[in-house]
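Trainee: With the working numbering, you'll find the sequence shown wraps up at 271, consecutive numbering, no jumps. Glycine is no exception: its CB is placed at the ideal position from the N, C-alpha and C atoms. Sharing a structure with you now.
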Amino acid sequence: MNSGLDNINQLFIALWAEPLLQTLGVLCITLLVYILARRLYAFSKQNALLNPLVTCTVIICSALYLLDFDVTQFTSSLSLLDLLLGPATVALAVPLYNQIPVIQRLGVRVLAPIIIAGTIAPILGWGTMYLLDTSETLQMTMLVKSITTPLAMETTALIGGLPELAAVFVILTGIVGATFAPWLIMLTNTRSEYAMGLALGSVAHVVGTTKALSISETCGAFATLGLCINGIATAIVLPLLFA
């Protein structure tokens with residue numbers, strides 16, 4: 029009996045050693061975890077604390093630690109998902125396109141909230157690091173916390189921060205923004221979907237935009253606008269100031 033189990037175990041190890049099978053296995057497991065996380069999020073009536081990004085991260089990190097699986101190997105197996113990140117981000121432009129007449133009607137009034145959010149958010153992050161007497165490297169890294177990950181990593185490298193840590197700060201900012209945004213919206217009695225969308229996209233980037241899309245297409249469109257303008261402006265201005 030034990031001999032049979034040993035043979036099965038050895039066969040599994042041999043198959044898992046094949047790059048293609050390992051890649052497919054990691055992809056399938058990751059997608060399964062995400063589907064389960066989405067189901068849990070829907071079952072909880074979209075409780076912000078059970079955001080799929082949070083639950084997926086916790087489950088996958090725990091599994092990698094318990095199984096002692098190499099993180100580099102895991103991320104390389106998900107390179108296909110990295111390729112799909114670009115088209116997925118571009119797809120956010122669809123609701124934005126549908127709201128072009130509204131955006132044209134509002135004109136420059138749309139820019140003011142984005143500029144305010146794009147200025148205050150990095151200053152608060154930098155100020156926190158400064159008061160904690162952290163290194164200049166950490167302070168520079170915190171400046172990019174409110175823009176989307178690819179832009180944040182590239183910008184951080186230009187201003188003397190740590191790109192890998194910037195990705196962590198960006199994800200945490202998105203999670204916190206999506207978690208507390210509904211409560212802040214209720215507290216301030218905000219009813220404008222334009223304002224909610226701009227705030228979520230400008231401060232909590234893609235995660236906030238996803239939350240905005242769950243509110244309405246209009247809210248998601250304005251979140252996408254905030255995400256794009258704030259991200260591009262920050263990526264241009266910060267290197268000019270600190271590079």
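Which one of Ile203, Leu268 and Tyr222 has the shortest CA to CA distance from Gly135?
Mentor: Residue 135 sits at position 107 when you count from the first residue of the sequence shown. Among Ile203, Leu268 and Tyr222, the Cα nearest to that of Gly135 is on Tyr222.
Trainee: Thinking C-alpha only, which one of Ile187, Gly153, Tyr62 and Thr85 is nearest Phe270?
Mentor: Position 242 of the sequence shown holds residue 270. If we check each option's Cα against that of Phe270, Ile187 comes out closest.
Trainee: How would you label Ala70, buried or exposed, when you count the other beta carbons within 10 angstroms and need 16 or more for buried?
Mentor: Against the sequence shown, residue 70 aligns to sequence position 42. That one is exposed.
Trainee: State the Cα-Cα distance for the pair Ile264 and Leu81, rounded to the nearest angstrom.
Mentor: What you label residue 264 is simply residue 236 of the sequence shown in a count that begins at 1. What you label residue 81 is simply residue 53 of the sequence shown in a count that begins at 1. Spanning the two alpha carbons is a distance of roughly 28 Å.
Trainee: DSSP state of Ile187, grouped into three classes?
Mentor: Here residue 187 corresponds to residue number 159 of the sequence shown, with the count starting at 1. Helix at Ile187.
Trainee: State buried or exposed for Leu255, treating a residue as buried only when at least 16 other CB atoms are found within 10 Å of its CB.
Mentor: Translated into the one-based positions of the sequence shown, residue 255 becomes position 227. That one is buried.
Trainee: Alpha carbon to alpha carbon, how far is Asn217 from Leu55? Give it in angstroms, no decimals.
Mentor: Start at 1 with the first residue of the sequence shown, and residue 55 comes out as number 27. Start at 1 with the first residue of the sequence shown, and residue 217 comes out as number 189. If you take the alpha carbons of Leu55 and Asn217, they lie about 42 Å apart.
Trainee: I'd like to know whether the C-beta atoms of Ile128 and Ile257 end up nearer to each other than 9 Å.
Mentor: Mapped onto the sequence shown, residue 128 falls at position 100. Mapped onto the sequence shown, residue 257 falls at position 229. Cβ atoms of Ile128 and Ile257: not closer than 9 Å.
Trainee: Can you grab the Cα-Cα spacing for the pair Thr100 / Gln132, in whole Å?
Mentor: Here residue 100 corresponds to residue number 72 of the sequence shown, with the count starting at 1. Here residue 132 corresponds to residue number 104 of the sequence shown, with the count starting at 1. Looking at the two C-alpha atoms, the distance is approximately 46 Å.
Trainee: Could you give the DSSP three-state label for Ser239: helix, strand or coil?
Mentor: On the sequence shown, residue 239 is found 211 positions in, with the first residue counted as 1. It should be pointed out that residue 239 corresponds to Lys in this sequence rather than to Ser. DSSP places Lys239 in helix when its eight states are reduced to three.
Trainee: Here's a check: name, in chain order, each residue in its chain whose Cβ is nearer than 7 Å to the Cβ of Tyr158, leaving out the five neighbours to either side.
Mentor: For the purposes of this step, residue 158 is taken as the residue at position 130 of the sequence shown. Contacts found: Gln167.
Trainee: Kindly list the residues whose CB is nearer than 6 Å to the CB of Gly259, restricted to its own chain and excluding five residues on each side of it in sequence; keep chain order.
Mentor: Position 231 of the sequence shown, counted from the first residue, corresponds to residue 259. Contacts found: Ile175, Thr176 and Leu179.
Trainee: So, for Gln74: in the same chain, excluding its five sequence neighbours on each side, which residues have a beta-carbon less than 8 Å away from its beta-carbon?
Mentor: Position 46 of the sequence shown, counted from the start, is the residue given in the question as residue 74. So the list reads Ser242, once near-sequence residues are dropped.
Trainee: Tell me the DSSP secondary structure of Leu43 in three-state form.
Mentor: Counting from one through the sequence shown, the residue named residue 43 turns up at place 15. Because the pLDDT at Leu43 is just 49, under 50, the model does not fix this residue reliably, and the value given afterwards should be weighed accordingly. Residue state, collapsed to three classes: helix.
Trainee: Where does Cys296 land, buried or exposed, given buried means 16+ other C-beta within 10 angstroms?
Mentor: Outside the shown range of the chain, which is 29 to 271, sits residue 296, and nothing can be said about it.
Trainee: Take the Cβ of Gly155 as the centre, count every other Cβ of all protein chains shown within 10 Å, and call the residue buried at 16 or more, exposed below.
Mentor: As a working mapping, residue 155 is identified with position 127 in the sequence shown. Label assigned to Gly155: exposed.
Trainee: Return the CA-CA distance between Leu139 and Leu59, expressed in angstroms with no decimal places.
Mentor: Here residue 139 refers to the residue found at position 111 of the sequence shown. Here residue 59 refers to the residue found at position 31 of the sequence shown. Answer to the nearest angstrom: the Cα atoms are 37 Å apart.
Trainee: What does the alpha-carbon distance come out to for the pair Asn126 and Glu245?
Mentor: Stepping through the sequence shown from its first residue, residue 126 is reached at position 98. Stepping through the sequence shown from its first residue, residue 245 is reached at position 217. Approximately 9 Å, taken between the alpha carbons.
Trainee: In whole angstroms, what separates the C-alpha of Asp161 from that of Thr51?
Mentor: Within the sequence shown, the letter at position 133 stands for residue 161. Within the sequence shown, the letter at position 23 stands for residue 51. For Asp161 and Thr51, the distance between alpha carbons rounds to 43 Å.
Trainee: Give every residue of the same chain whose Cβ lies closer than 7 Å to the Cβ of Ile203, excluding the five residues on either side of it in the sequence, and list them in chain order.
Mentor: As a first step, residue 203 must be located in the sequence shown, where it is residue number 175. So the list reads Asn79, Leu81, Val82 and Val235, once near-sequence residues are dropped.
Trainee: Answer yes or no: do Pro150 and Met170 have a C-beta to C-beta separation smaller than 9 Å?
Mentor: Translated into positions along the sequence shown, residue 150 becomes position 122. Translated into positions along the sequence shown, residue 170 becomes position 142. The answer is yes: Cβ separation under 9 Å.
Trainee: Among the residues of its own chain, which have a CB less than 8 Å from the CB of Leu226, if the five just before and after it don't count?
Mentor: Walking along the sequence shown from the start, residue 226 turns up at place 198. These residues qualify, in order along the chain: Val138, Pro141, Ile142, Ala145, Phe250, Ala251, Leu253 and Gly254.
Trainee: Determine the burial state of Leu43: buried for a count of at least 16 other Cβ atoms within 10 Å of its Cβ, exposed for fewer.
Mentor: Working through the sequence shown from its first residue, we reach residue 43 at position 15. Confidence at Leu43 is low in this model, with a pLDDT of 49, below 50, so its placement is unreliable and the value that follows should be read with caution. The residue is exposed, with fewer than 16 neighbouring Cβ atoms inside 10 Å.
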